[in-house]
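Student:
Residue numbers (the working numbering): 154 to 464.
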(Lines of atoms letter the chains of each structure in order from A; the text may use other names.)
(Lines give C-alpha, C1' and ligand atoms only; values in the text may rest on other atoms or scores of the structure.)
Protein backbone atom coordinates (compact mmCIF):
# COMPACT_ATOMS: atom_id res chain seq x y z
CA UNK A 154 0.00 0.00 0.00
CA UNK A 155 1.35 3.39 -0.92
CA UNK A 156 0.07 6.93 -0.68
CA UNK A 157 -2.86 8.45 1.14
CA UNK A 158 -5.48 6.20 -0.32
CA UNK A 159 -7.48 4.32 2.32
CA UNK A 160 -9.18 4.43 5.68
CA UNK A 161 -12.10 6.89 5.60
CA UNK A 162 -15.04 6.00 7.85
CA UNK A 163 -17.50 3.83 5.95
CA UNK A 164 -21.20 3.18 6.44
CA UNK A 165 -22.18 0.85 9.30
CA UNK A 166 -21.80 -2.85 8.47
CA UNK A 167 -19.52 -1.99 5.57
CA UNK A 168 -15.88 -2.69 6.43
CA UNK A 169 -13.40 -0.50 4.58
CA UNK A 170 -12.32 -1.58 1.15
CA UNK A 171 -8.75 -2.87 1.18
CA UNK A 172 -6.19 -0.98 -0.82
CA UNK A 173 -5.79 -2.35 -4.33
CA UNK A 174 -2.27 -3.47 -3.43
CA UNK A 175 -2.95 -3.99 0.25
CA UNK A 176 -3.21 -7.14 2.35
CA UNK A 177 -5.73 -9.59 1.01
CA UNK A 178 -5.59 -8.66 -2.66
CA UNK A 179 -4.75 -11.44 -5.10
CA UNK A 180 -1.64 -9.66 -6.33
CA UNK A 181 -0.35 -8.60 -2.94
CA UNK A 182 -0.75 -12.13 -1.57
CA UNK A 183 2.11 -13.16 -3.86
CA UNK A 184 4.54 -10.63 -2.44
CA UNK A 185 3.14 -9.23 0.80
CA UNK A 186 3.16 -11.08 4.11
CA UNK A 187 -0.23 -11.59 5.73
CA UNK A 188 -1.24 -9.66 8.81
CA UNK A 189 -0.68 -12.81 10.88
CA UNK A 190 2.85 -13.13 9.51
CA UNK A 191 3.50 -9.48 10.24
CA UNK A 192 2.24 -9.99 13.79
CA UNK A 193 4.83 -12.73 14.34
CA UNK A 194 7.60 -10.50 12.99
CA UNK A 195 6.52 -7.59 15.18
CA UNK A 196 6.43 -9.77 18.29
CA UNK A 197 9.84 -11.23 17.49
CA UNK A 198 11.31 -7.74 17.32
CA UNK A 199 9.73 -6.74 20.63
CA UNK A 200 11.35 -9.78 22.22
CA UNK A 201 14.72 -8.93 20.70
CA UNK A 202 14.55 -5.39 22.10
CA UNK A 203 13.61 -6.73 25.53
CA UNK A 204 16.69 -8.94 25.37
CA UNK A 205 19.01 -5.95 25.23
CA UNK A 206 20.88 -4.67 28.26
CA UNK A 207 18.23 -2.11 29.08
CA UNK A 208 15.26 -4.44 28.78
CA UNK A 209 11.85 -3.08 27.84
CA UNK A 210 8.10 -2.99 28.29
CA UNK A 211 7.16 -6.47 27.08
CA UNK A 212 3.58 -7.27 28.07
CA UNK A 213 1.87 -4.08 26.97
CA UNK A 214 3.68 -4.17 23.64
CA UNK A 215 2.63 -7.74 22.93
CA UNK A 216 -1.04 -6.96 23.66
CA UNK A 217 -1.01 -4.07 21.20
CA UNK A 218 0.30 -5.80 18.05
CA UNK A 219 -2.90 -6.50 16.09
CA UNK A 220 -4.37 -3.08 17.00
CA UNK A 221 -1.43 -1.16 15.51
CA UNK A 222 -1.06 -3.47 12.51
CA UNK A 223 -4.71 -3.06 11.49
CA UNK A 224 -4.48 0.70 11.97
CA UNK A 225 -1.25 1.21 10.00
CA UNK A 226 -1.90 -1.35 7.24
CA UNK A 227 -5.66 -1.21 6.76
CA UNK A 228 -7.23 1.90 8.27
CA UNK A 229 -5.04 5.00 8.41
CA UNK A 230 -4.27 7.12 5.37
CA UNK A 231 -0.53 7.44 5.73
CA UNK A 232 2.57 7.35 3.57
CA UNK A 233 5.93 6.39 5.12
CA UNK A 234 7.66 8.47 2.43
CA UNK A 235 5.80 11.58 3.65
CA UNK A 236 5.49 11.17 7.43
CA UNK A 237 4.64 14.85 7.98
CA UNK A 238 2.14 15.23 5.13
CA UNK A 239 -0.50 17.70 6.40
CA UNK A 240 -3.27 15.52 5.00
CA UNK A 241 -2.18 12.35 6.79
CA UNK A 242 -4.22 10.65 9.45
CA UNK A 243 -2.63 10.99 12.88
CA UNK A 244 -2.07 8.21 15.41
CA UNK A 245 -1.10 9.22 18.93
CA UNK A 246 0.23 6.46 21.15
CA UNK A 247 -0.87 7.72 24.54
CA UNK A 248 0.06 4.34 25.99
CA UNK A 249 3.79 5.05 26.11
CA UNK A 250 4.56 1.57 27.36
CA UNK A 251 3.67 0.33 23.89
CA UNK A 252 6.67 2.08 22.29
CA UNK A 253 8.45 -1.14 21.31
CA UNK A 254 5.37 -2.30 19.41
CA UNK A 255 5.03 1.11 17.74
CA UNK A 256 8.68 1.08 16.64
CA UNK A 257 8.36 -2.43 15.25
CA UNK A 258 5.13 -1.70 13.37
CA UNK A 259 6.51 1.55 11.93
CA UNK A 260 9.56 -0.39 10.72
CA UNK A 261 7.27 -3.03 9.22
CA UNK A 262 5.33 -0.27 7.49
CA UNK A 263 8.49 1.25 6.05
CA UNK A 264 9.00 4.44 8.07
CA UNK A 265 12.60 3.40 8.75
CA UNK A 266 14.70 0.28 8.15
CA UNK A 267 14.08 -2.67 10.43
CA UNK A 268 17.82 -2.77 11.05
CA UNK A 269 17.54 0.51 12.97
CA UNK A 270 15.71 -1.27 15.79
CA UNK A 271 19.15 -2.52 16.84
CA UNK A 272 19.70 1.04 18.11
CA UNK A 273 17.12 0.47 20.84
CA UNK A 274 18.37 1.56 24.27
CA UNK A 275 21.79 2.43 22.89
CA UNK A 276 23.45 5.55 24.37
CA UNK A 277 22.74 8.51 22.12
CA UNK A 278 20.23 6.52 20.09
CA UNK A 279 16.70 7.58 19.18
CA UNK A 280 14.85 4.39 20.14
CA UNK A 281 13.86 4.97 23.73
CA UNK A 282 11.62 3.10 26.16
CA UNK A 283 8.83 5.60 25.49
CA UNK A 284 7.93 7.06 22.06
CA UNK A 285 10.45 9.48 20.63
CA UNK A 286 8.92 11.98 18.14
CA UNK A 287 12.30 12.49 16.47
CA UNK A 288 11.62 9.19 14.70
CA UNK A 289 9.56 9.27 11.48
CA UNK A 290 5.95 8.33 12.17
CA UNK A 291 6.06 8.99 15.93
CA UNK A 292 3.67 11.89 16.48
CA UNK A 293 4.18 12.66 20.18
CA UNK A 294 6.16 11.61 23.24
CA UNK A 295 4.16 9.92 25.97
CA UNK A 296 6.56 9.39 28.80
CA UNK A 297 3.86 10.58 31.18
CA UNK A 298 0.54 8.79 30.72
CA UNK A 299 -2.90 10.35 30.40
CA UNK A 300 -2.01 13.05 27.88
CA UNK A 301 -2.75 11.42 24.53
CA UNK A 302 -6.48 12.04 24.45
CA UNK A 303 -6.22 15.75 25.37
CA UNK A 304 -3.70 16.17 22.55
CA UNK A 305 -5.97 14.17 20.26
CA UNK A 306 -8.85 16.56 20.97
CA UNK A 307 -6.64 19.44 19.87
CA UNK A 308 -5.48 17.66 16.71
CA UNK A 309 -9.03 16.68 15.76
CA UNK A 310 -10.34 20.20 16.42
CA UNK A 311 -7.53 21.69 14.33
CA UNK A 312 -8.43 19.37 11.46
CA UNK A 313 -12.03 20.50 11.55
CA UNK A 314 -11.20 24.21 11.79
CA UNK A 315 -8.67 23.98 8.96
CA UNK A 316 -10.92 21.88 6.74
CA UNK A 317 -8.41 19.04 6.61
CA UNK A 318 -9.95 15.58 6.12
CA UNK A 319 -7.67 14.20 8.79
CA UNK A 320 -8.67 11.41 11.10
CA UNK A 321 -7.19 11.34 14.61
CA UNK A 322 -6.75 8.04 16.46
CA UNK A 323 -5.53 7.87 20.06
CA UNK A 324 -4.41 4.52 21.48
CA UNK A 325 -4.72 4.34 25.25
CA UNK A 326 -3.83 1.79 27.88
CA UNK A 327 -6.61 0.92 30.29
CA UNK A 328 -4.46 1.80 33.32
CA UNK A 329 -4.15 5.40 32.17
CA UNK A 330 -7.93 5.74 32.19
CA UNK A 331 -7.46 6.31 35.90
CA UNK A 332 -6.08 9.77 35.02
CA UNK A 333 -8.56 12.63 35.30
CA UNK A 334 -7.12 14.31 32.19
CA UNK A 335 -8.50 11.46 30.07
CA UNK A 336 -12.06 12.10 31.17
CA UNK A 337 -11.76 15.87 30.83
CA UNK A 338 -10.72 15.28 27.23
CA UNK A 339 -13.51 12.75 26.69
CA UNK A 340 -16.06 15.27 27.92
CA UNK A 341 -14.63 17.99 25.65
CA UNK A 342 -14.57 15.74 22.59
CA UNK A 343 -18.23 14.88 22.75
CA UNK A 344 -19.18 18.46 23.61
CA UNK A 345 -17.32 19.64 20.50
CA UNK A 346 -18.84 16.89 18.36
CA UNK A 347 -15.44 15.59 17.20
CA UNK A 348 -16.59 12.74 15.00
CA UNK A 349 -13.11 12.60 13.43
CA UNK A 350 -11.64 11.43 16.72
CA UNK A 351 -11.33 7.75 17.64
CA UNK A 352 -9.96 6.35 20.88
CA UNK A 353 -8.79 2.74 21.07
CA UNK A 354 -8.39 1.28 24.55
CA UNK A 355 -5.98 -1.64 24.92
CA UNK A 356 -8.12 -3.34 27.56
CA UNK A 357 -5.79 -6.00 28.95
CA UNK A 358 -7.01 -5.27 32.49
CA UNK A 359 -3.51 -5.18 33.96
CA UNK A 360 -1.19 -2.40 35.05
CA UNK A 361 2.20 -2.53 36.72
CA UNK A 362 0.77 -3.13 40.20
CA UNK A 363 -1.95 -5.61 39.28
CA UNK A 364 -5.50 -5.86 37.97
CA UNK A 365 -7.00 -2.49 37.05
CA UNK A 366 -10.15 -3.38 38.94
CA UNK A 367 -8.16 -3.93 42.13
CA UNK A 368 -6.15 -0.68 41.76
CA UNK A 369 -8.86 1.79 40.70
CA UNK A 370 -11.86 0.05 39.17
CA UNK A 371 -12.96 1.09 35.67
CA UNK A 372 -16.04 -1.01 35.10
CA UNK A 373 -18.63 -0.67 33.71
CA UNK A 374 -16.26 0.88 31.19
CA UNK A 375 -18.64 0.90 28.22
CA UNK A 376 -21.31 2.71 30.20
CA UNK A 377 -18.83 5.31 31.38
CA UNK A 378 -17.79 6.19 27.83
CA UNK A 379 -21.44 6.33 26.71
CA UNK A 380 -22.22 8.64 29.63
CA UNK A 381 -19.51 10.96 28.29
CA UNK A 382 -21.25 11.05 24.89
CA UNK A 383 -19.14 8.59 22.89
CA UNK A 384 -20.10 5.83 20.48
CA UNK A 385 -18.79 2.61 22.07
CA UNK A 386 -17.66 -0.53 20.24
CA UNK A 387 -16.25 -3.63 21.91
CA UNK A 388 -14.07 -6.12 20.08
CA UNK A 389 -11.50 -8.87 20.52
CA UNK A 390 -8.30 -6.83 20.21
CA UNK A 391 -6.43 -9.74 18.65
CA UNK A 392 -9.07 -10.27 15.91
CA UNK A 393 -8.18 -8.20 12.83
CA UNK A 394 -11.60 -8.41 11.18
CA UNK A 395 -13.40 -7.18 14.31
CA UNK A 396 -10.87 -4.38 14.72
CA UNK A 397 -11.16 -3.39 11.06
CA UNK A 398 -14.93 -3.15 11.22
CA UNK A 399 -14.99 -1.24 14.50
CA UNK A 400 -12.42 1.24 13.23
CA UNK A 401 -14.09 1.93 9.89
CA UNK A 402 -17.82 1.96 10.66
CA UNK A 403 -19.30 5.46 10.74
CA UNK A 404 -19.79 7.18 14.11
CA UNK A 405 -23.29 7.75 15.46
CA UNK A 406 -24.74 11.25 15.30
CA UNK A 407 -21.38 12.94 14.88
CA UNK A 408 -19.99 11.54 18.12
CA UNK A 409 -16.39 10.51 18.75
CA UNK A 410 -15.84 6.75 18.79
CA UNK A 411 -14.12 4.59 21.38
CA UNK A 412 -13.12 1.01 20.61
CA UNK A 413 -12.72 -1.11 23.73
CA UNK A 414 -10.33 -3.81 22.54
CA UNK A 415 -10.11 -6.85 24.79
CA UNK A 416 -6.51 -8.03 24.77
CA UNK A 417 -4.14 -10.24 26.73
CA UNK A 418 -1.04 -8.71 28.26
CA UNK A 419 2.01 -10.66 27.09
CA UNK A 420 0.03 -12.17 24.17
CA UNK A 421 2.00 -14.97 22.52
CA UNK A 422 4.10 -15.85 25.56
CA UNK A 423 2.22 -18.53 27.57
CA UNK A 424 4.51 -18.33 30.60
CA UNK A 425 3.56 -14.66 31.21
CA UNK A 426 0.26 -14.19 29.36
CA UNK A 427 -2.30 -12.37 31.47
CA UNK A 428 0.23 -11.64 34.21
CA UNK A 429 1.23 -8.23 35.57
CA UNK A 430 4.85 -9.39 35.80
CA UNK A 431 5.08 -9.22 31.99
CA UNK A 432 4.94 -5.41 32.24
CA UNK A 433 8.72 -4.98 31.95
CA UNK A 434 11.36 -7.59 31.16
CA UNK A 435 15.07 -7.89 30.64
CA UNK A 436 15.33 -11.23 28.89
CA UNK A 437 18.39 -13.42 29.17
CA UNK A 438 19.51 -15.51 26.22
CA UNK A 439 17.61 -18.62 27.30
CA UNK A 440 14.42 -16.61 27.93
CA UNK A 441 14.85 -14.88 24.59
CA UNK A 442 15.11 -18.18 22.74
CA UNK A 443 12.09 -19.60 24.58
CA UNK A 444 10.03 -16.50 23.85
CA UNK A 445 10.90 -16.52 20.15
CA UNK A 446 10.02 -20.20 19.93
CA UNK A 447 6.64 -19.56 21.58
CA UNK A 448 5.78 -16.77 19.18
CA UNK A 449 6.83 -18.82 16.17
CA UNK A 450 4.70 -21.75 17.33
CA UNK A 451 1.72 -19.42 17.29
CA UNK A 452 0.73 -20.18 20.86
CA UNK A 453 -2.93 -19.61 21.63
CA UNK A 454 -3.69 -16.64 23.88
CA UNK A 455 -5.36 -16.77 27.22
CA UNK A 456 -9.02 -15.81 27.14
CA UNK A 457 -9.67 -12.09 27.07
CA UNK A 458 -11.72 -11.04 30.06
CA UNK A 459 -13.95 -8.13 29.12
CA UNK A 460 -17.61 -9.04 28.78
CA UNK A 461 -19.19 -10.02 25.52
CA UNK A 462 -18.04 -9.84 21.91
CA UNK A 463 -18.35 -7.04 19.39
CA UNK A 464 -21.15 -4.54 19.83
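Every residue, glycine too, gets a C-beta built ideally from N, C-alpha and C. This one's a predicted model, so the numbers in the text were calculated from it and none came from an experiment.
Within 8 Å, do at least three Cβ pairs link the stretch 209–226 to the stretch 385–404?
Tutor: Result yes; three or more Cβ-Cβ pairs closer than 8 Å.
Student: Does the Cβ of residue 442 have 16 or more other Cβ atoms within 10 Å, making it buried, or fewer, making it exposed?
Tutor: In the chain shown, residue 442 corresponds to position 289, counting from 1. Answer is exposed; the Cβ neighbour count stays below 16.
Student: List the endpoints of the continuous beta strand (DSSP E) containing residue 245.
Tutor: Residue numbering aside, residue 245 sits at position 92 when the chain shown is read from its first letter. Its beta strand (DSSP E) spans residues 243–246.
Student: Between the alpha carbons of residue 174 and residue 185, how many angstroms are there, rounded?
Tutor: Mapped onto the chain shown, residue 174 falls at position 21. Mapped onto the chain shown, residue 185 falls at position 32. Low per-residue confidence applies at residue 174: pLDDT is 34, beneath 50, and the placement is therefore not dependable, though the value from the model is reported in the following sentence. So the alpha carbons of these two residues sit roughly 9 Å apart.
Student: Should residue 354 and residue 413 be called a contact, given that it needs their Cβ atoms to be closer than 9 Å?
Tutor: Indexing the chain shown from 1 puts residue 354 at position 201. Indexing the chain shown from 1 puts residue 413 at position 260. In contact: residue 354 and residue 413 (Cβ atoms closer than 9 Å).
Student: With DSSP as the reference, identify every bridge partner of residue 209, one or two as the case may be.
Tutor: As a position in the chain shown, residue 209 is number 56, starting the count at 1. BP columns for residue 209 point to 434.
Student: Please classify residue 206 as buried or exposed, where buried requires at least 16 neighbouring CB atoms within 10 angstroms.
Tutor: Locating residue 206 in the chain shown gives position 53, where the first residue counts as 1. With fewer than 16 Cβ atoms within 10 Å of its Cβ, residue 206 is classed as exposed.
Student: Please name the residue, chosen from 191, 196, 188, that lies closest to residue 134 on a Cα-to-Cα basis.
Tutor: One cannot answer for residue 134 here, as it falls past the ends of the chain, which runs 154 to 464.
Student: Opposite residue 363 in the DSSP bridges: which residues?
Tutor: By one-based count along the chain shown, residue 363 stands at place 210. DSSP, once it has assigned bridges, lists 360 as partnering residue 363.
Student: Let me confirm a value: residue 257 is counted as buried when at least 16 other C-beta atoms fall within 10 Å, else exposed. Which label applies?
Tutor: Translated into positions along the chain shown, residue 257 becomes position 104. It is buried - the Cβ of residue 257 has at least 16 other Cβ atoms within 10 Å.
Student: Are there three or more Cβ pairs, one per stretch, closer than 8 Å when the stretch 333–353 is compared with the stretch 290–302?
Tutor: yes
Student: Between residue 448 and the rest of its own chain, which residues show a CB-CB distance below 8 Å, the 5 nearest in sequence each way excluded?
Tutor: Taking the chain shown and counting its residues from 1, the one referred to as residue 448 is at position 295. Taken in chain order, the residues that qualify are 193, 196, 197, 200, 421, 422.
Student: Drop a sphere of 10 angstroms on the beta-carbon of residue 247, count the other beta-carbons inside from all chains shown, and report buried for 16 or more, exposed for fewer.
Tutor: For this step, residue 247 is matched to residue 94 along the chain shown. Buried, since its Cβ has 16 or more Cβ neighbours within 10 Å.
Student: So, at 8 Å on beta carbons, what are the nonlocal neighbours of residue 405 in its own chain, with the 5 sequence-adjacent residues on each side left out?
Tutor: In the chain shown, residue 405 corresponds to position 252, counting from 1. Excluding residues within five positions, the ones whose Cβ falls inside 8 Å are 384.
Student: Using the rule of at least 16 other Cβ atoms within 10 Å of the residue's Cβ for burial, across every protein chain shown, is residue 323 buried or exposed?
Tutor: As a first step, residue 323 must be located in the chain shown, where it is residue number 170. Flag for residue 323 reads buried.
Student: Rounded to whole angstroms, what is the Cα-Cα separation between residue 261 and residue 291?
Tutor: Numbered from its first residue, the chain shown carries residue 261 at position 108. Numbered from its first residue, the chain shown carries residue 291 at position 138. Roughly 14 Å between the two C-alpha positions.
Student: Buried or exposed: where does residue 250 fall if 16 or more other Cβ atoms within 10 Å of its Cβ makes it buried?
Tutor: Within the chain shown, the letter at position 97 stands for residue 250. By the 10 Å Cβ count, residue 250 comes out buried.
Student: Let me confirm a value: residue 244 is counted as buried when at least 16 other C-beta atoms fall within 10 Å, else exposed. Which label applies?
Tutor: Translated into positions along the chain shown, residue 244 becomes position 91. Buried, by the Cβ-count rule.
Student: Let's test the definition: count the other Cβ atoms within 10 Å of the Cβ of residue 240 and tell me whether it reaches 16, buried, or not, exposed.
Tutor: Translated into positions along the chain shown, residue 240 becomes position 87. The residue is exposed, with fewer than 16 neighbouring Cβ atoms inside 10 Å.
Student: Using CA atoms only, rank isn't needed, just tell me which of 429, 273, 284, 410 is closest to residue 417.
Tutor: The residue given as residue 417 occupies position 264 in the chain shown. Checked all of 429, 273, 284, 410; the closest Cα to residue 417 is 429.
Student: Can you give me the C-alpha to C-alpha distance between residue 306 and residue 445, rounded to a whole angstrom?
Tutor: In the chain shown, counting from the first residue as 1, residue 306 sits at position 153. In the chain shown, counting from the first residue as 1, residue 445 sits at position 292. If I take the Cα positions, the gap works out to 39 Å.
Student: Residue 350 and residue 409: beta carbons closer than 9 Å?
Tutor: Locating residue 350 in the chain shown gives position 197, counting from the first residue. Locating residue 409 in the chain shown gives position 256, counting from the first residue. Taking 9 Å as the Cβ cut-off, residue 350 and residue 409 qualify as a contacting pair.
Student: So what's residue 352 in DSSP terms, helix, strand or just coil?
Tutor: Translated into positions along the chain shown, residue 352 becomes position 199. Residue state, collapsed to three classes: strand.
Student: Measure from the alpha carbon of residue 314 to the alpha carbon of each residue in 208, 276, 252, 347, then state which is nearest.
Tutor: Counting from 1 along the chain shown, the entry for residue 314 is found at position 161. Of the listed residues, the one whose Cα sits closest to residue 314 is 347.
Student: What beta strand (DSSP E) runs, 3 residues minimum, are completely inside the stretch 305–341?
Tutor: 321–326
Student: Distance, Cα to Cα, residue 343 vs residue 332?
Tutor: The residue given as residue 343 occupies position 190 in the chain shown. The residue given as residue 332 occupies position 179 in the chain shown. If you take the alpha carbons of residue 343 and residue 332, they lie about 18 Å apart.
Student: With a threshold of 6 Å on Cβ separation, who are the neighbours of residue 227 within its own chain once the five nearest residues in sequence on each side are excluded?
Tutor: As a working mapping, residue 227 is identified with position 74 in the chain shown. 397, listed in sequence order.
Student: Does chain C have any CB closer than 9 Å to the CB of residue 283?
Tutor: In the structure shown, chain C cannot be found, because there is only a single protein chain.
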